[in-house]
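Per the UniProt record's numbering, the sequence shown starts with residue 1, numbered consecutively.
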Amino acid sequence: MKKGIIILGSSNSNGDTYKAASFVSQQMNYSIIDLKTKNISEFDYEFKNRDDDFHPLIREIVNQYDFIIFATPVYWYTMSGILKTFLDRISDCLKIEKETGRKLRGMEMAVLSCGSDKQLKNGFHMPFVETSKYLGMKYIADVHCWVENDTLPDVVETKLKDFINQIQ
Ligand SMILES: Cc1cc2nc3c(=O)[nH]c(=O)nc-3n(C[C@H](O)[C@H](O)[C@H](O)COP(=O)(O)O)c2cc1C
1 MKKGIIILGS SNSNGDTYKA ASFVSQQMNY SIIDLKTKNI SEFDYEFKNR DDDFHPLIRE
61 IVNQYDFIIF ATPVYWYTMS GILKTFLDRI SDCLKIEKET GRKLRGMEMA VLSCGSDKQL
121 KNGFHMPFVE TSKYLGMKYI ADVHCWVEND TLPDVVETKL KDFINQIQ
């Protein structure tokens, strides 16, 4: 069994993306790291933010897990700003946290998205696919979800079960 972690990048810690992420978390026994509770600032070319929460968090992830599920709402057709900031900071691992960066190689990733639309626009997954290639990670699967009346509809639960089967 892979040891995985869900990285939640929503502006709402208990929102729709959390609901879908929780379904996966419960079925797979994966923990959720809520980026909203972390102090992670935007990429800085001078690395003046090196003492914020990013470096301890990414070290914990590469040292304890071999599979990452990025869980993001769709905000303006793309991933959330919180998650984009986290991905931007992975650039630190190419410059000043190189040992950590090397450990990303060979790790697996998947993407869980949640939007009000049932379909994503073309290209939504491209930044994840290309980032995984650049970092030497393996892109395994993705799933798109939505919530109706505050609950995951049956069709979304079925999609999530298929997703779980793909990533196990
Ligand atoms: C700033 C913002 C932008 C949004 N843009 C989109 C969008 O482009 N496409 C879409 O399907 N839903 C869009 N939505 C709706 C959210 O993706 C949807 O409500 C989602 O379930 C929210 O998840 P959350 O509770 O984790 O934030 C947007 C919502 C917000 C707040």
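Even glycine gets a Cβ: it sits at the ideal position worked out from N, Cα and C.
Note that the structure is predicted; figures quoted are calculated from it, not measured.
- Message: What does the Cβ neighbour count give for Ile96, buried or exposed, with the cut at 16 atoms within 10 Å?
- Response: exposed
- Cut-off 8 Å between Cβ atoms - residues of its own chain near Met109, not counting five sequence neighbours on either side: Phe67, Ile68, Ile69, Phe70, Phe128, Ser132, Met137, Lys138, Tyr139, Ile140
- Query: Looking only at C-alpha atoms, which of Met79, Ser25, Ser22 sits nearest to Ser11?
  - Reply: Met79
- Given a threshold of 16 other Cβ atoms within 10 Å of its Cβ, counted over all protein chains shown, does Ser31 qualify as buried or as exposed? exposed
- Spatial neighbours of Lys38 in its chain, beta-carbon cut-off 7 Å, leaving aside the 5 residues before and after: Asp53, Leu57
- Message: Going by DSSP in three states, Phe70 sits in which element: helix, strand or coil?
- Response: strand
- Message: So, for Phe47: in the same chain, excluding its five sequence neighbours on each side, which residues have a beta-carbon less than 8 Å away from its beta-carbon?
- Response: Asp92, Lys95, Ile96
- Task: Give the C-beta separation of Tyr77 and Lys121 to the nearest angstrom, bearing in mind that I take them to be a contact with Cβ-Cβ under 8 Å.
- Result: 5 Å
- Item | Host beta strand (DSSP E) of Ile7 (start-end) | 4-8
- DSSP state of Asp142 mapped onto helix, strand, coil: strand
- Residue range of the beta strand (DSSP E) that Glu108 falls in? 108-114
- Expressed to the nearest angstrom, what Euclidean distance is found between the alpha-carbon atoms of Leu87 and Pro153? 30 Å
- Query: Of all the options Lys98, Ile90, Glu99, Gly115, which has the alpha carbon lying nearest to the alpha carbon of Asp44?
  - Reply: Ile90
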